[in-house]
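Counting in the working numbering, the sequence shown runs from 3 upward without gaps. Using N, Cα and C, we set each Cβ at its ideal position, and we do this for glycine too. None of the values given here were measured: they were computed from a predicted structure.
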Amino acid sequence: MYENQDQLAFQSKEQIRAFQTNSLQRLLAYVNTHSPYYRRLFKEKKINIKNIQQLEDIVQLPITTKDDLAQNNSDFICVPTHEIIDYITTSGTVGDPVTLITNDADLNRLAYNEYISFKNAGCSSHDIIQLMTTIDKRFMAGLAYFLGARKLGAGIIRVGAGMPELQWDSILRIKPTVLVAVPSFIIKLVDYAIKNNIDYKNCSIKKAICIGEPLRNEDFSLNTLGRKIKEHWDLELYSTYASTEMATAFTECACGVGGHQIPELIVVEFLDDHNLPVAVGQAGEVTITTLDVQGMPLIRYKTGDVVKHYTDTCACGRNTIRLGPVIGRKNQMIKYKGTTLFPSSIYDVLNNLNEIHSYLIEISTNEIGTDDILVKVSTKEKVDDTFVKELKDHFRAKLRVAPSIEICSIEDLHAIQYKESLRKPILFIDKRTPIL
C-alpha cells in the first residue's frame, strides 16, 4: 500500500488533482456501500455520487459537522466489530469527546502519514526520536508517531508526556537527535536543565517537531513561544497540524512556510460561514475528506479550525496545499468591546511575560448579552496591583483592549487545568450563554 506514492507531492498540480479525483470517487462508492450514516444522508439529500466527476465537484456533497459525528457516532463505522483493532477518543478540547476506530489498513495508513511527516521535517533512519507524547488513554498522537518512526526506520524512545527528569536522563543516556513535543514543554525542559546544570545547548538534540500549539504568526515568523524556544535553545523547529478525526498531519518542511498536505491521504477545503470556498490567503475553516480510511471515513468534515492556505509551489519542490498556523477555533471567536479576538492572541501576550507561570482564559456572557473575558494567571513569585496594571497595559498595547485579571495560586490553577481524562492542560473555558 502507498508504493511509489510518497513522491505525489512533487508531481504537477494536475497530476495531484487527477489522483485525488480518482481517490474521492473510490471513497464515495465505499461509504455508499459500507457507511450507515453516509448511505442514509445521500438518500435523504438525493445525492448521486456518479455526478462527482472532478475534484471541484466535492462542493455538491453535504457538510459533516462535529455534532453529526457526536450524535451518530456508531453510524459512521464502516467495518464489522471483529475487524476493529484500535479504539480512539478525541481530546475533547472543544465539545464532548467522540470515539473513532481503526482497522489494520487504517493503522498502516497512520504509519505512512507520520512517515511522510517525519520526512517533511528532514528526519531519516539515522535519527533517534524521543516521543514526549502519550501513547495511552485512548489518544492517537503517541501511537501515530511511534508507527511513523518505526516505518521510517528511526530509533524510538517512548518517554511520554511530562517528567523532565526522565526526559533529560533519556537524552543524556541514549542521545536522541529529534524531539516530538508540545512546544511549551520544551521551555520547561530548558528551565529544568538550567536549574540542574545540564549543558543542554551542547546535547545531542538537533530538532523538535512541535505538536498541539502554534509556533508561528500568520506571516510565518516565529510567535512568542517559538522565539522563546529559539532564544534559549537553537533547535530546528517544525510545526505540525493534525486532528484525530483526519488521522493525517500537515507538517512543515525546512522552508517553514506552512504545513504540507499529504495529497494521497486527504482532500482539504477552506470554507467561510456559508460553506463556500475562500480565496487563497484568506481565513477559512479547515474542512477535510479522508482518503483510504476504512474504519470511519469522513466527507467534508468541518474541523472548527480557522487558517489561511497557500497553493504556490514551495521552495522545497512540493506542489501541495500548505496550511498557515491556526488563527483560532470557529466557536472560540470572542467579540470584546468592539474587537474580534481569538484565544491565541491572548496566549501570545501571556507567553511573552516571564513572571507568569500558567494561565487560563474564561469567556462568559455579561448582563447586556456581550462577551466578557477573565484571565486567571499564576505567577512564579508574589506580585502586587502594579503587576496587574502592567499586564493590562500589555494587553492594550497588543490587542487594544484589556480583559479582567485574577491572580491565582499555582496549585489552584493547576487543579482546574489538569484533568486525568485530557492529554493537554485546559487553557480556555467558554461559559457563554448559547444563542437560541
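| query | result |
| --- | --- |
| What runs of the beta strand (DSSP E), each 3 residues or longer, lie entirely inside the stretch 104–169? | 130–133 and 157–160 |
| Let me confirm a value: N105 is counted as buried when at least 16 other C-beta atoms fall within 10 Å, else exposed. Which label applies? | buried |
| Can you tell which of L57, N34, Q55 and Q56 has its C-alpha closest to the C-alpha of E46? | N34 |
| Per DSSP, what kind of secondary structure is L376 in: helix, strand or coil? | strand |
| Would DSSP call N330 helix, strand or coil? | The identity of residue 330 in the sequence shown is Gly, whereas the question assumes Asn. In the structure shown, G330 sits in a strand (DSSP, three-state: E or B). |
| Using 9 Å as the threshold, is the C-beta distance between A123 and E254 below it? | yes |
| Buried or exposed for Y420, please, with buried defined as at least 16 other CB atoms from any protein chain shown within 10 angstroms of its CB. | exposed |
| In angstroms, rounded to a whole number, what distance separates the CA positions of V403 and V390? | 14 Å |
| Compute the beta-carbon to beta-carbon distance between Y240 and I211, rounded to the nearest angstrom, for a pair I have assumed lies under 8 Å. | 5 Å |
| Per DSSP, what are the beta-bridge partners of S241 in this structure? | C212 |
| Could you pull out every residue in the same chain whose Cβ sits closer than 7 Å to the Cβ of Y202, ignoring the five residues on either side in sequence? | V192, A195 and W235 |
| Over the uninterrupted beta strand (DSSP E) stretch that includes S186, give me the two end residues. | Element bounds for S186: not the beta strand (DSSP E) but the alpha helix (DSSP H), P185 to K197. |
| Around the Cβ of Q17, are there at least 16 other Cβ atoms within 10 angstroms (buried) or fewer (exposed)? | exposed |
| How many Å lie between T250 and D387 at the Cα? | 46 Å |
| Report the three-state DSSP secondary structure of S14 (helix, strand or coil). | coil |
| Does DSSP put A285 in a helix, in a strand, or in coil? | strand |
| Residues bridged to Y39 by DSSP? | Note: Y39 sits in no beta bridge, so no partner. |
| When the Cα atoms are used, what is the spatial distance from I173 to Q132? | 8 Å |
| Along the chain, where does the alpha helix (DSSP H) that runs through T92 open and close? | Unbroken run through T92: none, as it is neither H nor E. |
| Check whether the stretch 103–117 and the stretch 45–60 touch, using three or more Cβ-Cβ pairs below 8 Å as the test. | no |
| Could you tell me whether the Cβ atoms of I365 and F344 are closer together than 9 Å? | no |
| Helix, strand or coil: how does DSSP classify D432 here? | strand |
| Does the distance from the CB of A156 to the CB of C205 come in under 9 Å? | no |
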